[in-house]
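Number of protein chains: 2
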Amino acid sequence: MPTLNNIIEGFQNIQDSICNGLEQLDGQAKFEQDLWEHKGGGGGRTRLIQDGKVIEKGGVNFSAVKGNVPPFLLDTLKVDIEHSSDLTFDATGVSIVLHPQSPMCPIIHMNIRYFEMSNGIWWFGGGIDLTPHYVTPSLAKNFHVGLKTVCDQHHASYYPEFKKWADEYFFIKHRDETRGIGGIFFDRLMANDEFDKAQRWAFVQDVGNTFVDLYSHQIKATQSLPFGEEQTKWQQLRRGRYVEFNLVWDRGTKFGLQTGGRTESILMSLPKQAMWLYDYQTTPNSPEAKTLELLKKDIDWINL
Amino acid sequence: MPTLNNIIEGFQNIQDSICNGLEQLDGQAKFEQDLWEHKGGGGGRTRLIQDGKVIEKGGVNFSAVKGNVPPFLLDTLKVDIEHSSDLTFDATGVSIVLHPQSPMCPIIHMNIRYFEMSNGIWWFGGGIDLTPHYVTPSLAKNFHVGLKTVCDQHHASYYPEFKKWADEYFFIKHRDETRGIGGIFFDRLMANDEFDKAQRWAFVQDVGNTFVDLYSHQIKATQSLPFGEEQTKWQQLRRGRYVEFNLVWDRGTKFGLQTGGRTESILMSLPKQAMWLYDYQTTPNSPEAKTLELLKKDIDWINL
């Protein structure tokens, strides 16, 4: 069975391979690295790419930190606080957000993570979702087919279950809009009758290893599309929504900011620039209006 | 003693008078009004000003809504849920954020509000704070002297107490920075041995009625100052911090978004554009670095 050190090393390898793949895809910008240490133990490798030919601003972050299990988590886990005084955790993972230059190219996010406590409880979590500024059904289908292919290699229930979970998770409640076309989201993947730890870990690695191919397909299909001021303005407005989701609803961001995580690494998910206009309305039947109509839960992108 | 209707009418008058004053100050843009209704009862007058000579984007909102007291508030108030089934509330107030065109001019925020429940419990709350992109001690002093003057007319303890409260409230914890130079913040002002309801209401109205004078002084002192690309970039970055505070920490914004408030009215506090750069560092001894040094709690602006 994989040990904590195996998993940490595996995540580092995934970070390296994704950074290499993205540098090739961009063809111009290179990642810069910041190493940092966590006050409770461990640390991370924050890698930033900016002002590229394809990517305007993005981060591919690895971290492996340890600490005492915070009280609110004990509460969620129904662990008696009196018996928790020595309970520590290790958390490790890779987290990515990429904001492209062109409004015709989609924003992408991926997070894969592992958490274990000193009492032996452990789980994997993660997700990957795509946020096109303009939704194209054929490209949305390609993305979901790719995710389903990875999922199906591990269990037939994974894609339908994790696709639905992504629709629920990547949802901007105060706008009644999904963040984008969704993807997959999963959490608390533990060992059970059907899966052991090695199988869970294999799935998580496969998700990480499919990232570059999936995003490369999206970029190659969209990077040469023409655009002008109208599309750039729409991109800025959609980035405003991305900021709203991350700061108001994203559990990882909120958890990180409120528990003293490394702010600059957490907020690498934010775009270089974003815009808010009061009560902005799209023109009926415009590409922007058609995109809004597709920012809904429960769309079957594969059979649309 | 003032009734709910007296207070609602008073807040509407303050909104009218502030909008008139700001149109004169701007000299170009006019407010546009959206009337809206709240599902639980009541509604609001959202007023937007944009693309002015002085103000790029701002809102002066009045609302008076009613509904059932939400469970988390019952919990805070230590009201037994079994005895709360018929408990309703009325909430009314005026809320303002103005983002100026020039980076040399400060952002300003004010909120004054009244809350009462069907069990007879009521209170006033509010605050006003200034967020200069560049902090000038003499202008910060003028702002605080103005607030102290209003407070001192009501009680000698108000300014020191509410100034400290503002420093605590308008604080961006994950950045370890105050949002700006603070101001005053107060909440749960009820009747007690020293103040009756009429006196609390007189104070709240005085805060509202001093708004235009205080902000006009700031604008007149800064609107002709020259600026270039460097200052505009800094303004965009500081607006990013403003977005972070409002979406991550501001209780009113979070409460509104999570309880189904009117999103466009709540998010009028956001600037037209904002920027995030990874780990941006100011040049030593620059005006930007000097401003950062002054974004701290517990600065005695009046005697600096």
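Just so you know, the protein sequences line up as chains A and B, in that order. Heads up: the first sequence begins at 1 in our numbering, then just goes up one per residue. Heads up: the second sequence begins at 1001 in our numbering, then just goes up one per residue. We treat Cβ as the ideally placed atom computed from N, Cα and C, and that holds for glycine. Since the structure is predicted, the reported quantities are computational estimates derived from the model, not experimental observations.
Strand pairing of E177/A, partner residues [DSSP]
I172/A
From I1219/B, G1126/B, T1283/B, residue whose alpha carbon lies closest to that of K1163/B:
G1126/B
If you scan the stretch 1033-1118 of chain B from start to end, which runs of the beta strand (DSSP E) of 3 or more residues do you find wholly inside it?
Listed in chain order, the beta strand (DSSP E) elements of length 3 or more contained wholly in the stretch 1033-1118 of chain B are 1042-1050, 1055-1068, 1088-1100, 1107-1117.
As a quick exercise: from I1121/B, S1138/B, D1176/B, R1200/B, pick the residue whose alpha carbon is nearest that of Y1158/B.
R1200/B
Go through the stretch 242-267 of chain A residue by residue and report every complete run of the alpha helix (DSSP H) that reaches 4 residues or more, in order.
Whole alpha helix (DSSP H) segments, 4+ residues: 251-258, 263-266.
How should T943/B be labelled, buried or exposed, when 16 other C-beta atoms within 10 angstroms of its C-beta is the threshold for buried?
Because chain B spans 1001 through 1304 in this model, residue 943/B falls outside it and cannot be assessed.
Does the beta-carbon distance from E32/A to L48/A come in below 8 angstroms?
yes
Please confirm whether any heavy atom of the ligand MN lies closer than 7 angstroms to the CB of H1174/B.
Looking at this structure, you won't find the ligand MN or any other ligand, since it has none at all.
Mind listing which residues of the stretch 275-300 of chain A have their C-beta closer than 8 angstroms to chain B's C-betas, in chain order?
Residues of the stretch 275-300 of chain A that bring their beta carbon within less than 8 angstroms of a beta carbon in chain B comprise M275, W276, L277, Y278, D279, in sequence order.
Taking 8 angstroms as the threshold (beta carbon to beta carbon), is H174/A in contact with chain B?
yes
I want to see whether chain B comes within less than 8 angstroms of L98/A, judged by CB atoms only; does it?
Not a single CB atom of chain B sits nearer than 8 angstroms to the CB of L98/A.
Interface residues of the stretch 1208-1234 of chain B facing chain A [CB-CB below 7 angstroms]:
Listed by position along the chain: nothing, the set is empty.
Rounded separation between L147/A and D250/A - CA only
22 angstroms
For M104/A, does the count of other Cβ atoms within 10 angstroms reach 16, so buried, or fall short, so exposed?
buried
State buried or exposed for P1284/B, treating a residue as buried only when at least 16 other CB atoms are found within 10 Å of its CB.
exposed
Stretch pair the stretch 232-245 of chain A + the stretch 1228-1239 of chain B: three plus CB contacts closer than 8 angstroms
no
Assuming D1196/B and Q1153/B are in contact, meaning their beta carbons sit under 8 angstroms apart, how far apart are those beta carbons, in whole angstroms?
D1196/B to Q1153/B, Cβ: 16 angstroms. No contact.
Between the C-alpha atoms of D1075/B and N1119/B, what's the straight-line distance to the nearest angstrom?
If I take the Cα positions, the gap works out to 15 angstroms.
Using a cut-off of 7 angstroms between C-beta atoms, extract the partners of T263/A located in chain B.
H1174, R1175
Taking C-beta to C-beta, are T1088/B and R1113/B nearer than 8 angstroms?
no
Just to confirm my understanding: we take M347/A, look at its own chain, exclude 5 residues before and 5 after, and list those with CB closer than 6 angstroms. What are they?
Limits of chain A in this structure are 1 at one end and 304 at the other, which puts residue 347/A out of reach.
For L1295/B, which of G1044/B, I1181/B, D1193/B has the nearest alpha-carbon?
I1181/B
Between P1271/B and chain A, is there a C-beta pair that is closer than 8 angstroms?
By this cut-off, P1271/B is an interface position.
Interface positions of the stretch 235-251 of chain A facing chain B (Cβ-Cβ less than 8 angstroms), listed along the chain
Cβ contacts with chain B: Q236, G240, V243, E244, L247, V248.
With 16 other Cβ atoms within 10 Å as the buried cut-off, status of K57/A:
buried
Quick one: give me the first and last residue of the beta strand (DSSP E) that T131/A is part of.
Start and end: 122-131.
Just to confirm my understanding: we take E1122/B, look at its own chain, exclude 5 residues before and 5 after, and list those with CB closer than 6 angstroms. What are they?
Checking the sequence shown, residue 1122/B turns out to be Trp, not Glu. Same-chain partners within the cutoff: E1116.
Determine the DSSP secondary structure at F1211/B, reduced to helix, strand or coil.
helix
Around the Cβ of D298/A, are there at least 16 other Cβ atoms within 10 angstroms (buried) or fewer (exposed)?
exposed
What does DSSP give as the partner residue(s) for K185/A in the beta ladder?
The amino acid at residue 185/A is misidentified as Lys; the sequence shows Phe. In DSSP, F185/A forms a bridge with G127/A.
Give a yes or no on whether 8 angstroms exceeds the smallest Cβ distance from Q50/A to chain B.
yes
Less than 8 angstroms between the beta carbons of L1035/B and L247/A, yes or no?
Their beta carbons are not under 8 angstroms apart, which means L1035/B does not touch L247/A by this criterion.
At a Cβ threshold of 8 angstroms, is M110/A touching chain B?
Taking Cβ atoms only, chain B never reaches closer than 8 angstroms to M110/A, which makes this a no.
Rounded C-beta distance between V60/A and I108/A? I'm assuming under 8 angstroms.
Contact doesn't hold; Cβ gap of about 11 angstroms is too wide.
Quick check on this structure: which residue in Q1231/B, I1219/B, T1149/B has the alpha carbon closest to the alpha carbon of L1139/B?
The shortest C-alpha to C-alpha distance from L1139/B to any of Q1231/B, I1219/B, T1149/B is the one to I1219/B.
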